[in-house]
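Chains as they are written, first to last, in the numbering used here: chain A, 1 to 432; chain B, 1001 to 1228.
Just so it is clear, CB atoms sit at the ideal spot from N, CA and C, and this is done for glycine as well.
Predicted model only: the values in this text are computed from it and were never measured.
A quick write-up on the structure given underneath.
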């Protein structure tokens, strides 16, 4: 699968380079946006940041100072009138290697011959599940840190496959009602759910790039009698294909003009929970999502997503007094929801507030990650190129783990974070 | 001048009162002033109004071919609704720095203007069939525009005060039509017949009694409606 992903990235890069050959007029066929985000976090937390393999839900810790939180290039090029290539190249200063793609895909939109609008995407891309991450490079225009749901989508969900969608207005040509359905078959993404299980939910803005290896909390290895005999130091590659079987997602979306949108979707990576390859375990991960966004009176926008799902895998164990390995099903149930209110006060100022709740429960155990978070954000954009964001994030959670004593961690965790971010945006058009 | 026809549709109605106005329109022609309001009595802008002569054949275009422009600006069609006489040649410039790919699959004029950017010039398209032509952009899903082709040179769209003025009409009887994409096809008001005299202005009031659909792209939104 590493090879497959590498091939995709190679194809993406080749396509980017080859596009000029299709048309003499470079500017006509290419759209790009480059974002440079410099930030200063100020963090106070009972737990260390997840990015270094600890159990915290934040990206930064108290010692982090000014840093390059993200440098991103979002490129879109037309190969023909209806076929585009899209690639998002990403640099963050707290992951390695430094530069990698978060998405790379072909996007085909045949010209409509009727009210049916078809679209096909092929490559590595986000499923169209987030109502928060609508900005270039899958960033959020509302807050710097994403909701728990979309943070997780950014961490562990990135199919490599083919997606078809159909959009049509209902009834007459000017009808405000529009229906969209989408369905995808994909490879990769078999370990999805691993990080959620070992670490729990989190809230941040670091998107996993296609070839990233993520630190997960050191997993205790149990010997006979349930005694911890060591730690498995495992790095996670969430987008790997392990069992060579495809997964699927599908959804339906209704839209009423630019007033309301409602989406129902489900995802199933159909990974074989027995599978293991190159240090990565398959987790069968399924979830459903209900999402809505509505324009409220007073220019206030509401965004909400509710996700519920489960993931499981089978591990081999050796019961006390036996030399015969047995299997044990490890299953997690997870659920999260958020409600975000945002108001663009003027072209320069935006205020947003979000409330998240989240829960991950390991079935038949006391292993629970449960909590809630408040996020308050103010965005100031004095020019189209320059943006300033100030954000307050407060997470309160409880983590009960059967091996919690091993870490000597408190069950109750309080995590607080101020974050000031300066963004510089460069693009070759006034919009994408 | 009197109301000639006053019909009520089941869900949409048209109430007119034609008033004799002694303000002089022109030496040898008359004028219709049409005020369009919604069911709450508030003015409705961007409504197409046009008058078809009842007794005589439609007047030929004043200049051949008449010319019109449907611009693309800030990822929107400008104007949102363009009314033009049958046979009009319409230009589709692009005032945006992003490319557009304009198309229509409406029976009155299916066409496609391949990817083009700011400053690029396509030859104008001639619209020679009356009817509604719905425009879209294959790159920007939210872009919707309308061209209404009519068999008359007497047309207008209502302004912010809900008023459309049809000027230079030869004296006679006309069928006055009103059309907006904010009403479903079955809810468009019935045409009304009215007369206009030389040098006179006839004021017609139209009330759209069916509930109007939201105006396209109207109002400020704090949310992102174009998908990533």
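Note down, in chain order, each residue of its chain lying with its Cβ closer than 8 Å to the Cβ of residue 138 (chain A), except the 5 sequence neighbours on either side.
-> 88, 102, 103, 126, 130, 154, 207
Backbone CA spacing between residue 1167 (chain B) and residue 1028 (chain B) [nearest angstrom] | 11 Å
Give, in chain order, every residue of the segment 1123–1135 of chain B whose Cβ lies closer than 9 Å to some Cβ of chain A.
-> 1132, 1134
In this structure, does DSSP put residue 422 (chain A) in helix, strand or coil?
-> strand
Contact with chain B by residue 308 (chain A), beta-carbon distance below 7 Å = no
The segment 28–42 of chain A in contact with the segment 65–77 of chain A per 3-pair CB rule at 8 Å | yes
State the Cα-Cα distance for the pair residue 375 (chain A) and residue 59 (chain A), rounded to the nearest angstrom.
-> 15 Å
Is there contact between the segment 209–217 of chain A and the segment 260–275 of chain A, where contact requires at least three CB pairs shorter than 8 Å?
-> no
For residue 1147 (chain B), which of helix, strand or coil comes out of DSSP?
-> strand
Can residue 1179 (chain B) and residue 1084 (chain B) be called in contact, C-beta distance under 7 Å?
-> no
Name, going along the chain, the residues of the segment 1161–1193 of chain B whose beta-carbon falls closer than 8 Å to a beta-carbon of chain A.
-> 1181, 1182, 1184, 1185
Does any CB atom of chain B fall closer than 7 Å to the CB of residue 344 (chain A)?
-> yes
Which chain B residues are close to residue 202 (chain A), counting only those with a beta carbon under 7 Å from its beta carbon?
-> Under the 7 Å cutoff, chain B gives no residues; its nearest Cβ is about 21 Å from residue 202 (chain A).
Residues of chain B with a CB under 7 Å from the CB of residue 336 (chain A): which are they?
-> What residue 336 (chain A) touches in chain B: nothing, since even the nearest Cβ is about 20 Å away.
Rounded C-alpha distance that separates residue 1131 (chain B) from residue 1068 (chain B) | 16 Å
For a contact meaning CB atoms closer than 7 Å, what does residue 295 (chain A) contact in chain B?
-> 1221, 1223
Could you tell me the distance, in whole angstroms, from the CA atom of residue 269 (chain A) to the CA atom of residue 356 (chain A)?
-> 25 Å
Leaving out five residues on either side along the sequence, give the residues of the same chain with a beta carbon under 7 Å from the beta carbon of residue 394 (chain A).
-> 373, 374, 416
State whether the segment 247–261 of chain A contacts the segment 172–188 of chain A, with contact taken as three or more CB pairs (one from each stretch) at a distance under 8 Å.
-> yes
Could you name the residues that DSSP lists as bridge partners for residue 378 (chain A)?
-> A:351, A:390
Using the beta-carbon count (16 or more within 10 Å), is residue 345 (chain A) buried or exposed?
-> exposed
Simplified DSSP state of residue 1182 (chain B), which is helix, strand or coil = coil
What's the call for residue 352 (chain A), buried or exposed, on a 16-neighbour Cβ count within 10 Å?
-> buried
Quick one: what's residue 48 (chain A) bridged to in DSSP?
-> Answer by DSSP bridge pairing: none, since residue 48 (chain A) is not bridged.
What in chain D is Cβ-close to residue 1039 (chain B), meaning under 8 Å?
-> Absence of chain D from the displayed structure is noted, the protein chains being A and B.
The segment 1177–1191 of chain B / the segment 1206–1221 of chain B touching (three or more Cβ pairs under 8 Å) | yes
Short Cβ contact (7 Å threshold) for residue 315 (chain A) with residue 277 (chain A) | no
To the nearest angstrom, report how far apart residue 1078 (chain B) and residue 218 (chain A) are at their CA atoms.
-> 59 Å
Close Cβ partners of residue 148 (chain A) (< 6 Å) along its chain, the five nearest in sequence each way excluded | 201, 203, 336, 356, 358
Checking contacts by CB at 7 Å: is residue 165 (chain A) closer than that to chain B?
-> no
If you draw a straight line from the C-alpha of residue 1177 (chain B) to the C-alpha of residue 1160 (chain B), how long is it?
-> 19 Å
Going along the chain, which residues of the segment 108–121 of chain A sit with their C-beta nearer than 8 Å to a C-beta in chain B?
-> 109, 111, 112, 113, 114, 115, 117
Of the choices A:424, A:400, A:134, whose alpha-carbon is the least far from that of residue 197 (chain A)?
-> A:400
Residues from the segment 50–80 of chain A in contact with chain B, defined by Cβ distance under 8 Å = 78
Where do the ends of the alpha helix (DSSP H) carrying residue 260 (chain A) lie?
-> No alpha helix (DSSP H) contains residue 260 (chain A), which is instead part of the beta strand (DSSP E) from 260–268.
Where does residue 149 (chain A) fall in DSSP's three states?
-> helix
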